[in-house]
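Have a look at the structure below, then the notes.
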Amino acid sequence: MDAGISSQSTHAIAVFENSARAIVGGQYVRAANAGDIVGGVQPQIVVEPGTEQELAQILKLANDGDLAVIPRGGGSKAAWGNPPQRAEVVLSTARLNAFVEYAWSDLTVTVEAGCTVKQLRETLAQVGQRLALDPLWPSRATVGGVLSSNDSGSLRLRFGSLRDLIIGVTLALPDGTLAKSGGKVVKNVAGYDLPKLATGALGTLGIITRATFRLHPMPQETCTVSCLMRDVGEAQRLLLAVQSSKLAHSALQIRFVTSMPPQMDVLFEATQAGLAAQVEQLKAILAPSAVIEPGPAVWNARQELHSAARDNASNSALAKISILPAQIAETYETLLAITANRVHFQAVVQATGVGCVYLEGAPTEFGHALQSLRAKLEAAGGSLMVAHRPTNMAALDAWGDPGDALPLMRAVKQQFDPKSTLNPGRFVGGI
Amino acid sequence: MDARIVEELRAIVGPDGLITSAEELRTYDSDALTNFRVMPLGVLLPESTQQVQAIVRVCHRERIPFVARGSGTGLSGGALPVETGVVICLTRMNRILEIDLPNARVVAEPGVINLDITGRVMAEEYFYAPDPSSQSVCSIGGNVAENSGGAHCLKYGFTTTHVLGLEIVLPDGTLVHLGGKALDAAGYDLAGVFVGSEGTLGIATKVILRIVKRPECVQTLLAAFPSTNEAGAAVSDIIAAGMLPAAIEMMDRLSIQAAEAAVHANYPDCGALLLVELDGPVAEVQYLMTQVNKICRNNGAWEVRVAQSDVERALVWKGRKAAFAAMGRISPNYIVQDGVIPRTALPQVMSQIEQLSKEAGVRVANVFHAGDGNLHPLVLYDRRIDGQEAAAEALSYKILEICIAAGGSITGEHGVGEDKKMAMSKMFSEPDLETMQRVRCAFDPLQLSNPTKLFPRPRLCGEQPGKYVVHPLEAAGIAERF
């Protein structure tokens, strides 16, 4: 921080630190370092509570001391959202990683927020089950982080996104309340659906301390079929043809690289008996184009673009886009026109219309390109979220226009976090 | 109601859009939970979003509570009027505004009947998946309010899975748009919160729905078991085998008898009937159906039939969907419960219900969505016999307690409404409920939209949730907090 911190907040942090040590133990409170920077802002202190109750107490302590809190899981998507207006305390869920209850025969699991997706997957796989979700960087990403950032991949086509998989949540609020909602059963309409409210809220309403999910069986057999498209028009036409067919595919994506023909991938998950017939039907739809069976690696395409942006931090940007499935071709044409050969881009779009666009080139070009693309998408009912931006790119709000519901969103924020303690300024409309 | 306000409201909806005469109001004094009845001050029948907004603005200005109502088929008293308020009935807003097949979306007004959505896209082989038993009469707006389920939500999900966007009139008359045709709109998922909020957060005036392509093939298996225990074990084995059927339904002997008497579905006379529906690609369904058949026989099913044609399937479902209404054949009165349990707790919960039924001398028929553990125990009684109604109500409440104790829920699809609001405190702690009320306060700080429902107690939105203080009546042992 250039101007240093005021003596008042130094005092507040010192008071907080002492009390925090008493709550979680000295070894779980440390001074923040450069690795803890969020959106260019340096926090002061990192706390790792060991229980939900400790986490709620620490959050209340910070809130009482007017210290801003950055909730953190694995930190894999810490760059998402706008830079925080303030950031004093990083509250890590790293130690909250227990399996609370795994009712495998009821196909539900309750885990603490700091449990990684990989850890969850491995345990579920032991009894042939899974959380039907393919989020980014599963070995680092935690349940709480994935939920807060609403990260989902190609399996969403069949199984829905997190909002369709989460059935219960416990939230810690800035006033120290620990509140649960939803439940442990898949079917339940008692009370407001706060699991959905917490999903995608980027930790601005409360910190998720545990969540319950509905699970799915692992597929007996899987098969990926890929096909090169002549052009974007054909890709669009065939995507809609597959979508309106009676195939029971689990995922479908189109991969675009500038100046290359687009490629379409379709994933089937079925029994041995059902698989062959479906693959034949798909081939009939795609004919006369030749198909290959490239194996499951093609489903890493979305993560590869995100990783490329992370690893090529200063010369690339990455945006998550959401459009209607029938708008893919026109969105691609828009991208071509906007980037006009000055920026190299790649995109992966799923049949749900959700995907990502990776830009590479001179960062000075990105701001304008993303802004133009966002304006076009929003005009057509879609949206664009900037997930990664290089430091010398022109400032651009991460989220775009939330529409006429923004005052209502602010009212919700006011009810849950009246002092704007949690992730201040990182969410839509300055929330 | 003040004559000036009546005139103002009449000017908004026109002379045939306002009902104030006592005999006509009687139609609206309850929903399908008929043991609660309240006469409203008036009923308004708006025809447009603008009219809804204008009505709500008047209500907001005059602090008149309002209750939105669709077809009135709800089973929890969600559309029960408030004595000091009006009912806003959305049945005249029944246009399907847009059908977008390439993107599989339909935009509808709240008064559109659930089954009419499917009716409009059937020719193109799409359907609207949530299928509450009342789907031929219930409205989409009501489905949104209650987050309605149905037999096929085991595979296809609930109303909330299929609602992508909403146009809402907030309780102060402001119009807002939540979600949209595209997924993952920027900001909080307020559409997700609104669905299932039972009319307490405002009135939906437009709904963006997802429609689904019809599967290549559908097969329904009917299996007769000696008792619900064997049938329940078969369900567990089906799930353990890694299958996700479109629906798994169970009926016990009493409900089979009632359904037979009412619609002659040609069900076998047995202790428990299991209905398993599989859909998807032909080869897949055929293979899995063989597995289901085997599993049923291994668990003691003595008769297994597979309905192949649409006519056979329709007959099989007719008995199940008519089960509630059919209770009239075997009992003058009944209470429907809607508790949910983890599926594996089924045998234990069934024997507990049986025990309670014996002790109370009240018969209980059981119909349930066995795949997701949603029980619909039907507590049968005769109002004319002294004490039976009270015994039935007590038993019905105990069943909910059993569900909660088993780790389940007090309601799977009918909603809390007026009926189960006191049971909310059994399922949720005070901080849990206070936290939900924060959402209420953000949407409706004056608590005008369907007040008195869903929560055991209202919360003043200005007040900070504080420590619970024991009321003097409680301390004296005169009153009890539920």
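From first to last, the protein sequence lines stand for chains A and B.
Residue 235 in our numbering sits at position 250 of the first sequence, with consecutive numbering throughout.
Residue 1061 in our numbering sits at position 378 of the second sequence, with consecutive numbering throughout.
Note that the Cβ used here is the ideal one computed from N, Cα and C, for glycine as well.
Treat the numbers as computed from the prediction; the structure is a model and nothing was measured.
The Cβ neighbour count for B/M972, taken over all protein chains shown within 10 Å, is at least 16; the residue is labelled buried. DSSP places A/G153 in the uninterrupted beta strand (DSSP E) bounded by 151 to 157. In the DSSP assignment, B/G875 falls within the alpha helix (DSSP H) that extends over 873 to 877.
Restricting attention to B/V689, B/G700, B/G757, B/R746, the CA atom closest to the CA of B/D712 is found in B/G757.
The stretch 117 to 174 of chain A is shown to contain whole alpha helix (DSSP H) runs of 4 or more residues at 128 to 134, 141 to 144, 147 to 150, in chain order.
Taking a Cβ-Cβ cut-off of 9 Å, B/D799 has no neighbours in chain A, whose nearest Cβ is about 22 Å from it. At least one C-beta of chain A is nearer than 7 Å to the C-beta of B/N830. Below the 8 Å Cβ cutoff, chain B contributes F1111, D1115, T1118, M1119 as neighbours of A/S166, in chain order. Restricting attention to B/A942, B/R1026, B/E1037, B/Y1080, the CA atom closest to the CA of B/A1009 is found in B/A942. DSSP assignment within the stretch 338 to 376 of chain A yields the following whole alpha helix (DSSP H) runs of 4 residues or more, N-terminal first: 348 to 364. Bounds of the alpha helix (DSSP H) holding B/S1034 are 1029 to 1043. Any Cβ of chain B closer than 7 Å to the Cβ of A/N173 would place that residue at the interface, and such an atom is present. In terms of CA proximity to A/G167, A/L182 leads the group A/F241, A/L182, A/A332. B/S1079 and B/V1062 do touch by the CB rule: their CB atoms are close to 5 Å apart, below 8 Å. Between B/V852 and B/Q736, the C-beta gap is smaller than 7 Å, which places the two residues in contact. In the DSSP assignment, B/H1052 falls within the beta strand (DSSP E) that extends over 1046 to 1052. Contact of A/A396 with chain B by beta-carbon distance below 9 Å involves C1124, A1125, F1126, P1128. With 16 or more neighbouring CB atoms inside 10 Å of its own CB, B/G1091 falls in the buried class. As the crow flies, the alpha-carbon of A/M214 is around 10 Å from that of A/A275.
Counting only Cβ-Cβ distances below 8 Å, A/K181 has contacts in chain B at T843, D872, G875, V876, in chain order.
A direct Cα-Cα distance of roughly 12 Å separates A/V54 from A/E33. At a C-beta separation below 7 Å, B/N1057 has these neighbours in chain A: K172.
Annotation note: the stretch 53 to 112 of chain A contains the following uninterrupted beta strand (DSSP E) runs of length 3 or greater, listed N- to C-terminal: 54 to 57, 74 to 77, 84 to 88, 93 to 97. Pairing A/A379 with A/S139, the inter-Cα distance amounts to about 31 Å. Around the beta carbon of B/S992, a 10 Å sphere encloses fewer than 16 other beta carbons of the protein chains shown; the residue is thus reported as exposed. Within the model, the alpha-carbon separation for A/G410 versus A/A220 is close to 39 Å. Three or more Cβ pairs closer than 8 Å define a contact, and the stretch 369 to 377 of chain A falls short of that threshold against the stretch 26 to 42 of chain A. Separation of A/I8 and A/V102 (C-alpha to C-alpha, rounded to the nearest whole angstrom) is 28 Å. A direct Cα-Cα distance of roughly 27 Å separates B/P764 from A/V397. Around the beta carbon of B/T903, 16 or more other beta carbons sit within 10 angstroms, so the residue counts as buried.
Inter-residue distance for A/L309 and B/D855 is about 32 Å (C-alpha atoms, whole angstroms).
Here B/V994 is exposed: its Cβ has fewer than 16 other Cβ atoms, across all protein chains shown, within 10 Å. As DSSP reads the structure, B/A715 sits in no beta bridge. B/N1057 has B/V1023, B/H1052 as its beta-bridge partners, per DSSP. A/A272 is outside the set of residues whose beta carbon lies under 7 Å from a beta carbon in chain B. In the DSSP assignment, B/R1067 falls outside any alpha helix (DSSP H) and carries neither an H nor an E.
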